[in-house]
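Engineer:
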Amino acid sequence: MTTMSAEFIALHGRCSSLVLELPPGEAPLWRHWGARLPDDLDPGAALRDTRALPTFALDQDLPLTVAPVFGTGWFGQSALLAHREGRDFAQGWTGCVPEWTVPGRALTLHLSDAVAQLRLDLSITLDADSDVLVLRATLHNDGDSALDLQWLAAGTLPLPGHCDAVRSFAGQHVHEFLPQTDPLTRSLWRRESRRGRTSHDCFPGAVVTTPGATAQTGRVFGAHLAWSGNHQQTIEWLHDGQYQWQFGEWLAPGEGRLAPGASLTTPELVASCSDQGLDGLAANFHAELRRRLDWPGGAMRPRPVHLNTWEGVYFDVHPGPVKAMATAAAALGIERFVLDDGWFHGRHHDRAALGDWWPDATKFPDGLGGLIAHVNALGMEFGLWVEPEMVSPDSELFRAHPDWALQIAGRPLLTARNQLVLDIARPEASDHLFEKIAALLAAHPIRYLKWDLNRDLAPAGLGDGRAGYRAQVLAAYALMARLRAAFPEVEIESCSGGGGRIDFGVLRHAHRVWTSDCIDALSRVEMQHGFLQFFPPEIMGAHVGTAPAHTTGRTQSMAFRAAVALSGHLGVELDPRRLSTEEADELRGWIALHKQLRERLHHGRVWRGEAGDGLRWQFHADADRADGVLIVLRTRPSDHRQPPALRLPMLDAAARYRVRELRPDGAPPREGRHDTAPFFDAQDSAEGVTLAGAWLAEVGLPMRRAPAETAFIARIERV
């Protein structure tokens, strides 16, 4: 039940609640966001009735509201910064009209400022099942002069004062999702990105923990801005001992200028809290994203195992060799063949041709039709790499339309990877791209586009000299949506030098993300662990790459490379023609194992853990944890003569479980004398071993002594 009176509004999820107080003539006050409260719980008293005024303060108490503003008594971070030629710099909400858009679940607060002539519509939705809170703000300029908007928060969230740390992700190209943990103190915590895309180095999301929170226990809060451009988040200590957490788009100068009657809508802020630790929070975010994904046909089919040609041959793509690659790929069990960079007009290296989206006549004199027919005849779908938002100075498109590149008059054209950014907010540029890509999709059964974005935006000047960061992101979304509407059977992968565009915003239009250009399995262990905090495994591009890895030079066994990639959307990125018979047999076995397990790996819930002694693990299980797959990765040599047991606290203590080790067909025998104990022989048998859930949860599953960079995979089923 949801209550709504003249004083309070409450929204309740399965395990969380949100409570607002509605004093007359101002913005609603935050009273609670956190653990589930009883439906009919009375807050008891108005907030101000519980707070004495401190010394040397204004004569009116100003607690945290859903949209705090600058200049009229609130001295913390404001949700709005704006002015009219230096005036109306101070705002104050003079009215609020709450409106249920979905009774009990979705609410819009209509705030007004009669003095500054502004209106703010703040939408708030709390999903009853996933406990995910979604906020979004729209600011309307009702004045008769332009409003310069500097900052508009998508949402302002309260955090309890006992929160102790914030976990975020930094990184760089080929090293994404690098975990960072900072203590929460009275100092301001802020992360900003001004690169024009989601970025490798500043992920637009974080997790806030309370003392004692772990992967599986304790209260944690998480939030993520669903936006593929510039962004900012701030956590600020307040003088009542609580914190406020704000997210929003970082607006470049001039991007927020609103003409009379105009409005600006923020990206969505997606947030959740959980009393089941980091994995409980991850489950909430996974449920929300699964609800959002727009799959062809309305539902996700089993994720096709695919081969991407990039690290196999790079730009050296020609019909004969590529057909031979496809034949070898099909023999491994590959289901989708993706032709990466190098297929289009004049594209022989990374110094030319972006923008000329038709097949290169010297490589494909008869077009792509013969190759695609060959791939389809082998039983595989065909996918194609494109980078629509970019243009090479050495291209037919740039020579014809040099003004279509983002630029600033009098400033140098800055290239990155020998390319410029195409101003796709220009209707003529967007139409040109749509026509070229649509011609390919109409002519051939292309089921998949790997959509890349391989540089930051600088200088991001539109044709009229204004900043174009925001316009570029919205235009990219619009172009993707236009192509999906015309070709609804096509799936899109979001890639941006690997993990530079991974967010809930682009995933309104895409179905897979490329986690990183680094396919080194050891590097991928930590990156994928961080990725899974916000995103489910079925959209996580995870490939079996070459050995040695192209980005690090390190070599891992086929078994370790495949085990690390096993739980994601599995792919292969190497030249299968160069595999030995033994390597091909082993990889074929891993692909077959993935196909057996992907229904379990890509549905349900994921638990993640670090067991110490160099062990990282994941457990993928159904809703009642009766059937699961355990993946344990040893990243370094053991510090112990006998490895410690692996505790699995998510299992039902009252149940019994059968544990069977899974090894793919074609796997070579284990090296050394690491598998001689009778327990492991039984575990490796068809019958497996049966253990009590309480024992597995409290004492743990015995671990085989094994070398570094090896894996253990098991099916764990309730009996």
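Using UniProt numbering, you'd call the opening residue of the sequence shown number 1 and step up by one each time.
Heads up, the beta-carbon is just placed ideally off N, CA and C, and yes, glycines get one too.
Since we're looking at a predicted model, the values are computed, not measured.
(1) Apart from the five residues on each side of it in sequence, which residues of its chain come closer than 6 Å, Cβ to Cβ, to P388?
(2) Report the CB separation of E268 from V134 in whole angstroms; it is logged as a contact under 8 Å.
(3) Once the 5 residues before and after W93 are set aside, which same chain residues still bring their CB inside 6 Å of it?
(4) Would you list the residues sitting across from Q180 in a DSSP beta bridge?
(5) Between which two residues does the alpha helix (DSSP H) containing M540 stretch?
(6) Taking just the CA atoms, how far does C96 sit from R167?
(7) Here's the rule I'm using: 16 or more other beta-carbon atoms within 10 Å means buried, otherwise exposed. How should P536 be labelled?
(8) Output the distance between the C-alpha atoms of W227 and I502, rounded to the nearest integer angstrom.
(9) Kindly indicate the opening and closing residues of the beta strand (DSSP E) around G612.
(10) Could you tell me which whole beta strand (DSSP E) segments of length 3 or greater appear in the stretch 6-54?
(11) Rank V391, A654 and R411 by C-alpha distance to the C-alpha of E402 and give the top, closest one.
(12) Suppose contacts are defined by Cβ-Cβ distances below 8 Å. Is W295 in contact with L339 by that definition?
(13) Can you list, in chain order, the residues of its chain whose CB lies under 8 Å from that of R119, leaving out five sequence neighbours each side?
(14) Whose C-alpha, out of N454, N376 and P365, is nearest the C-alpha of L354?
(15) Evaluate G13 with the Cβ neighbour count: other Cβ atoms within 10 Å of its Cβ, from every protein chain shown; 16 or more gives buried, anything less gives exposed.
(16) Which residue's Cα is closest to the Cα of L149: V305, A213, L258 and A623?
(17) For the alpha helix (DSSP H) containing K323, name the first residue and the last one.
(18) Between the stretch 650-661 and the stretch 685-697, do at least 3 Cβ pairs fall closer than 8 Å?
(19) Could you pull out every residue in the same chain whose Cβ sits closer than 7 Å to the Cβ of D684, ignoring the five residues on either side in sequence?
(20) Can you name the start and end residues of the alpha helix (DSSP H) that T581 belongs to?
(21) Could you pull out every residue in the same chain whose Cβ sits closer than 8 Å to the Cβ of W451, ignoring the five residues on either side in sequence?
(22) Below 8 Å on the Cβ atoms is my guess for L47 versus L29; work out the distance and round it to an integer in Å.
(23) I'd like to check one pair, F619 with L601: are the Cβ atoms closer than 8 Å?
(24) In the DSSP assignment, find the unbroken alpha helix (DSSP H) run with G312 in it and report its ends.
(25) So, do the stretch 524-531 and the stretch 262-282 have three or more beta carbon pairs nearer to each other than 8 Å?
(26) What's the gap between the Cα of A409 and the Cα of H345?
(27) Can you grab the Cα-Cα spacing for the pair T125 / V208, in whole Å?
(28) DSSP three-state call for G143: helix, strand or coil?
(29) Using a 10 Å radius around the Cβ and a threshold of 16 neighbouring Cβ atoms, would you call L188 buried or exposed?
Structural biologist: The answer reads as follows:
(1) By one-based count along the sequence shown, residue 388 stands at place 388. Excluding sequence neighbours, P388 sits near L433.
(2) Position 268 of the sequence shown, counting from 1, holds the residue named residue 268. Position 134 of the sequence shown, counting from 1, holds the residue named residue 134. About 6 Å separates the two Cβ atoms, so the contact holds.
(3) In the sequence shown, the residue the question calls residue 93 occupies position 93. Hits under 6 Å: E26, A27, L111 and D113.
(4) The sequence position of residue 180 within the sequence shown is 180, counting from 1. Q180 is bridged to S168.
(5) In the sequence shown, counting from the first residue as 1, residue 540 sits at position 540. Run containing M540: none in the alpha helix (DSSP H); it sits in the beta strand (DSSP E), M540 to V544.
(6) Counting from 1 along the sequence shown, the entry for residue 167 is found at position 167. Counting from 1 along the sequence shown, the entry for residue 96 is found at position 96. Roughly 35 Å between the two C-alpha positions.
(7) Taking the first residue of the sequence shown as position 1, residue 536 is located at position 536. Buried is the call here.
(8) On the sequence shown, residue 227 is found 227 positions in, with the first residue counted as 1. On the sequence shown, residue 502 is found 502 positions in, with the first residue counted as 1. Cα to Cα, the separation comes out at about 9 Å.
(9) For the purposes of this step, residue 612 is taken as residue 612 along the sequence shown, with counting starting at 1. Note, G612: beta strand (DSSP E), R605 to G612.
(10) 8-12, 16-21 and 29-35
(11) To locate residue 402, count along the sequence shown from 1; it is residue 402. According to the sequence shown, residue 402 is Pro rather than Glu. Here the closest residue by C-alpha is V391.
(12) Along the sequence shown, read from residue 1 onward, the residue named residue 295 stands at position 295. Along the sequence shown, read from residue 1 onward, the residue named residue 339 stands at position 339. Result no, Cβ atoms of W295 and L339 do not sit closer than 8 Å.
(13) Position 119 of the sequence shown holds residue 119. For R119, where only same-chain residues beyond five positions count, the Cβ hits under 8 Å are H110, L111, S112, D113, L139, H140 and D142.
(14) Your numbering for residue 354 matches position 354 in the sequence shown. It is N454.
(15) By one-based count along the sequence shown, residue 13 stands at place 13. So G13 counts as buried.
(16) Locating residue 149 in the sequence shown gives position 149, where the first residue counts as 1. Looking at the Cα atoms, L258 is the closest of the given residues.
(17) For the purposes of this step, residue 323 is taken as the residue at position 323 of the sequence shown. First-last of the alpha helix (DSSP H) with K323: P319 to L332.
(18) yes
(19) Position 684 of the sequence shown, counted from the first residue, corresponds to residue 684. Cβ neighbours of D684 beyond the five flanking positions: E661.
(20) One-based indexing of the sequence shown puts residue 581 at position 581. That run of the alpha helix (DSSP H) goes T581 to L601.
(21) Working through the sequence shown from its first residue, we reach residue 451 at position 451. Result list for W451: V386, E387, P388, M480, I492, E493, S494, C495 and A510, in chain order.
(22) Locating residue 47 in the sequence shown gives position 47, counting from the first residue. Locating residue 29 in the sequence shown gives position 29, counting from the first residue. Their Cβ separation, rounded to whole angstroms, is 5 Å, which keeps L47 and L29 in contact under 8 Å.
(23) Walking along the sequence shown from the start, residue 601 turns up at place 601. Walking along the sequence shown from the start, residue 619 turns up at place 619. Their beta carbons are not under 8 Å apart, which means L601 does not touch F619 by this criterion.
(24) Walking along the sequence shown from the start, residue 312 turns up at place 312. G312 -> alpha helix (DSSP H) spans W310 to V313.
(25) no
(26) Against the sequence shown, residue 409 aligns to sequence position 409. Against the sequence shown, residue 345 aligns to sequence position 345. Those two C-alpha atoms are separated by around 30 Å.
(27) As a working note, residue 125 is residue 125 in the sequence shown. As a working note, residue 208 is residue 208 in the sequence shown. Straight-line Cα distance between these residues: approximately 21 Å.
(28) For the purposes of this step, residue 143 is taken as the residue at position 143 of the sequence shown. Coil, per DSSP.
(29) Locating residue 188 in the sequence shown gives position 188, counting from the first residue. Answer is exposed; the Cβ neighbour count stays below 16.
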